[in-house]
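A.B. asks: Sequence positions in the sequence shown follow my numbering and run 9 to 485.
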Amino acid sequence: REQKEQAGLTRGLTRGIWARCAAAMRRSGCFYGVLLTCLVGGHATVAVFTGATWLGLRGGATPAGERPHELPQEASHLDDVTRHVTVVTTASVPWMTGTAVNPLLRAAHLTEDRAEGLVTLLLPWVEEEDQRKVFPKGIVFATEEDQRQHVLRWLAEDAHMPTAATKLRIRFYHGRYHREFGSIFSMGSVVSLLPDDETDICILEEPEHLNWFRFPEVGWLDKFNFVVGIIHTNYVVYAGQEKGAWAVPFVWGLSQWMCRAYCNKVIKLSATLQTYAPEKEVVSNVHGVRDNCFRIGREAELKGFSRGAYFVGKHLWAKGFDHLFRLMKHYSNTVTDGAGGCFPIDLYGTGPDLDAIEHRARETGLPVTVNGYADHMGLKDYRVFVNPSLTEVLCTTTAEALAMGKWVVCPKHPSNDFFAEFPSCLQYTTPDEFAAAVYWALTHDPPPLLPEVKRKLSWEAAMERLPGGGPVAQDDS
């Protein structure tokens with residue numbers, strides 16, 4: 009039954025994108041197109057046209073040969089606290105993924121110095137069947153209001169932002185969880201859910217994801233005065249790993265098209281991402297960590313740590329679990345510490361590949377314990393966070409671990425450039441360097457974080473970097 013439902017969802021999404029593309033072709037006057045089709049689970053799930061000119065998916069396209077409409081430079085001033093800001097994302101607490109937590113915290117920090125109701129967070133609502141697939145075991149909501157209260161309670165109690173919880177406005181759009189993608193996609197209109205007084209500045213968290221299967225309606229750039237897209241996920245790498253090299257140019261082109269068509273400015277969290285729109289994009293880490301992390305870090309400086317290595321995150325093969333197991337094998341063959349064997353590691357999190365990862369761990373004979381869901385804040389006793397992923401854009405849990413005063417062992421990779429200067433971040437390029445880094449981290453106390461380092465990880469600094477994306481150039485719109 010589930011397979012039939014997923015197939016029906018796929019066909020519905022395909023029809024929707026086809027209709028949207030046909031309308032875009034008629035409006036844009038584009039004289040040729042290239043059909044891009046991504047096959048997932050045996051079904052055509054993405055069908056789009058791209059052409060010599062970017063297609064006007066914005067409700068009304070710029071006629072051929074005419075100059076794009078110009079924006080006043082003040083259109084992008086996010087630091088003007090009289091402006092209304094709408095944040096739209098693809099996941100919601102209690103799914104503790106980066107695209108749920110970071111947009112919520114960004115919206116919460118945007119409420120600072122703003123009047124109540126001047127920040128709206130638009131979240132996906134999924135039915136109980138899908139909630140059971142993505143939320144922690146035992147957590148389901150009967151109504152949108154129940155989930156809204158849960159999100160606000162988490163913000164007030166877990167994130168320690170009670171004032172923001174009273175000022176933030178939360179709305180929902182209807183979505184469905186698509187197992188093949190491991191993501192939630194909108195089902196029906198999104199833009200029309202927002203009244204006109206909430207359509208000044210918009211932040212699209214994952215603009216490409218939000219628009220792949222978009223309902224045919226007025227475009228974001230027609231609805232809002234200014235649209236910023238923040239890229240969270242390296243879908244090009246995922247496509248290559250999951251579907252093969254043939255899928256890469258399709259996902260690359262589609263993602264680029266979505267960002268060009270729907271954003272005035274594109275912020276890439278790290279340089280590992282593809283090029284979307286050179287005239288519009290900037291590389292900047294506009295994420296921070298919760299204050300809880302710094303409190304835990306202060307406690308760790310006094311008490312120390314009682315446990316060894318761990319990983320927390322979504323259980324997908326693309327997160328590098330196969331790399332981790334190979335590196336652990338190398339460690340066990342390389343390091344002689346008197347105890348013999350390999351260092352033990354505890355894995356926390358959920359995801360579609362959880363069972364397969366646990367099975368592989370048993371097959372290797374490595375000292376790996378696969379656990380279920382855990383809030384990172386509850387893992388304060390661990391000394392070393394090991395993150396082998398090469399598919400991250402900028403890993404939230406890596407930043408949290410550093411703020412909690414732990415060692416972090418991760419590959420030298422553009423997605424980790426932001427963390428390279430932190431004394432407690434040990435980066436490696438070879439299996440030998442990995443073994444040396446883990447051994448050092450397990451046998452030495454991490455250095456205390458200096459105040460300037462702590463500030464760089466904070467949401468206050470992240471919010472200062474957000475307006476740093478700068479106003480859009482006159483021709484960027």
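We put the CB at the ideal spot given by N, CA and C, even for glycine.
Using only the alpha-carbon positions, how far apart do Glu137 and Thr342 sit?
C.D. replies: Rounded to whole angstroms, Glu137 to Thr342 spans 47 angstroms at the Cα level.
A.B. asks: Give the range of the alpha helix (DSSP H) segment to which Ile304 is assigned.
C.D. replies: 299 to 311 is the span of the alpha helix (DSSP H), which, as asked, contains Ile304.
A.B. asks: Between which two residues does the alpha helix (DSSP H) harbouring His117 extend?
C.D. replies: First-last of the alpha helix (DSSP H) with His117: 106 to 118.
A.B. asks: Compare the Cα-Cα distances from Lys7 to each of Glu460, Ala123, Glu366, Ser314 and report the closest residue.
C.D. replies: Absent from the model: residue 7. The displayed extent of the chain is 9 to 485, so no value can be given.
A.B. asks: Determine contact between the segment 94 to 107 and the segment 120 to 133, defined as no fewer than three beta-carbon pairs at a distance below 8 angstroms.
C.D. replies: Judged by Cβ distances under 8 angstroms, the segment 94 to 107 makes contact with the segment 120 to 133, as three or more pairs qualify.
A.B. asks: Does the segment 268 to 288 come within contact of the segment 237 to 248, defined as at least 3 CB pairs closer than 8 angstroms?
C.D. replies: Yes: at least three Cβ pairs fall under 8 angstroms.
A.B. asks: Leaving out the 5 sequence neighbours to the left and right, which residues in its chain are closer than 7 angstroms to Thr404 when beta-carbon positions are compared?
C.D. replies: Same-chain partners within the cutoff: Gly106, Val109, Asn110, His295.
A.B. asks: Have a look at Met195, Ser194, Ala409 and flag the residue whose alpha-carbon is nearest the alpha-carbon of Arg303.
C.D. replies: It is Ala409 whose Cα lies nearest to the Cα of Arg303.
A.B. asks: If you reduce the DSSP assignment to three classes, tell me which class Tyr339 lands in.
C.D. replies: Helix.
A.B. asks: Looking only at DSSP bridge pairs, what is Ser7 linked to?
C.D. replies: Because the chain spans 9 through 485 in this model, residue 7 falls outside it and cannot be assessed.
A.B. asks: Closer than 6 angstroms by C-beta to Leu324: which residues in its own chain qualify, once you throw out the five before and the five after it? Chain order, please.
C.D. replies: Hits under 6 angstroms: Gly359, Asp361.
A.B. asks: According to the neighbour-count rule (16 or more other Cβ atoms, all chains shown, within 10 Å of its Cβ), is Val244 buried or exposed?
C.D. replies: Under this definition Val244 is a buried residue.
A.B. asks: Does DSSP put Ala317 in a helix, a strand or coil?
C.D. replies: It is a strand residue.
A.B. asks: Should His186 be labelled buried (16 or more other beta-carbon atoms within 10 Å of its own) or exposed?
C.D. replies: By the neighbour-count rule (16 or more Cβ atoms within 10 Å), His186 is buried.
A.B. asks: Measuring alpha carbon to alpha carbon, tell me which of Glu120, Leu262, Val101 ends up nearest Asn219.
C.D. replies: Ranking Glu120, Leu262, Val101 by Cα distance to Asn219 puts Leu262 first.
A.B. asks: So, under 8 angstroms CB-CB, Phe193 and Phe221 are touching, yes? Tell me the CB distance rounded to an integer number of Å.
C.D. replies: Correct: roughly 5 angstroms between the Cβ atoms.
A.B. asks: Go ahead and pull the three-state DSSP assignment for Lys251.
C.D. replies: The answer is helix: DSSP assigns Lys251 an H, G or I state.
A.B. asks: Rounded to a whole number of angstroms, what is the C-alpha to C-alpha distance between Tyr270 and Glu307?
C.D. replies: Their Cα atoms are separated by approximately 45 angstroms.
A.B. asks: Tell me whether Trp103 sits in a helix, a strand or coil according to DSSP, three-state version.
C.D. replies: Correct three-state label for Trp103: coil.
A.B. asks: Helix or strand or just coil, what does DSSP make of Gly357?
C.D. replies: The answer is coil: DSSP assigns Gly357 none of H, G, I, E or B.
A.B. asks: Quick check on Ile365: does DSSP put it in helix, strand or coil?
C.D. replies: Reduced to three states, the DSSP call for Ile365 is helix.
A.B. asks: By the 10 Å Cβ neighbour count, where 16 or more other Cβ atoms means buried, how is Trp254 classified, buried or exposed?
C.D. replies: It counts as exposed.
A.B. asks: Identify every run of the beta strand (DSSP E) within the segment 238 to 285, keeping only runs that are complete inside it and at least 3 residues long; order them along the chain.
C.D. replies: Fully enclosed beta strand (DSSP E) runs of 3 or longer: 273 to 276.
A.B. asks: Pop quiz: Ile353 and Tyr318 are said to be a contact at Cβ under 8 angstroms. What is the actual Cβ separation, rounded to whole angstroms?
C.D. replies: Going by Cβ atoms, the distance from Ile353 to Tyr318 rounds to 6 angstroms, so yes, they are a contact pair.
A.B. asks: Which two residues bound the contiguous beta strand (DSSP E) that contains Phe193?
C.D. replies: Looking at the DSSP string, the run of the beta strand (DSSP E) that includes Phe193 is 191 to 194.
A.B. asks: Which of helix, strand or coil does DSSP assign to Thr45?
C.D. replies: Low confidence applies to Thr45: its pLDDT is 37, below 50, so where it sits in the model is not reliable, and the reading given next is rough at best. Reduced to three states, the DSSP call for Thr45 is strand.
A.B. asks: Could you have a look at Tyr381 and say whether DSSP puts it in helix, strand or coil?
C.D. replies: Here Tyr381 sits in coil by DSSP.
A.B. asks: Do Ser423 and Pro455 have their beta-carbon atoms positioned less than 9 angstroms apart in this structure?
C.D. replies: Cβ distance not < 9 angstroms, so Pro455 and Ser423 don't count as in contact.
A.B. asks: Among Phe351, Gly321, Thr377, which one has its Cα closest to the Cα of Met104?
C.D. replies: The option with the nearest alpha carbon to Met104 is Gly321.
A.B. asks: For Ala167, count the other beta carbons within 10 Å of its own beta carbon; 16 or more makes it buried, fewer makes it exposed. Which is it?
C.D. replies: Classification of Ala167: buried, given that the 10 Å Cβ count is 16 or more.
A.B. asks: What whole-angstrom Cβ distance do Val142 and Val101 have, given they're in contact under 8 angstroms?
C.D. replies: At roughly 11 angstroms, the Cβ-Cβ gap does not stay under 8 angstroms, so Val142 and Val101 are not in contact.
A.B. asks: Express the C-alpha separation of Gly305 and Leu402 in angstroms, rounding to a whole number.
C.D. replies: If I take the Cα positions, the gap works out to 21 angstroms.
A.B. asks: Can the beta-carbon of Ala285 be found closer than 9 angstroms to that of Gln264?
C.D. replies: Going by C-beta atoms, Ala285 is nearer than 9 angstroms to Gln264.
A.B. asks: Look at the alpha carbon of Gly196 and the alpha carbon of Phe223, and state the distance between them as a whole number of angstroms.
C.D. replies: Approximately 5 angstroms between the Cα atoms of the pair.
A.B. asks: Beta-carbon separation of Arg268 and Lys288 under 9 angstroms?
C.D. replies: Taking 9 angstroms as the Cβ cut-off, Arg268 and Lys288 qualify as a contacting pair.
A.B. asks: To the nearest angstrom, how far is the alpha carbon of Val290 from that of Thr241?
C.D. replies: So the alpha carbons of these two residues sit roughly 16 angstroms apart.
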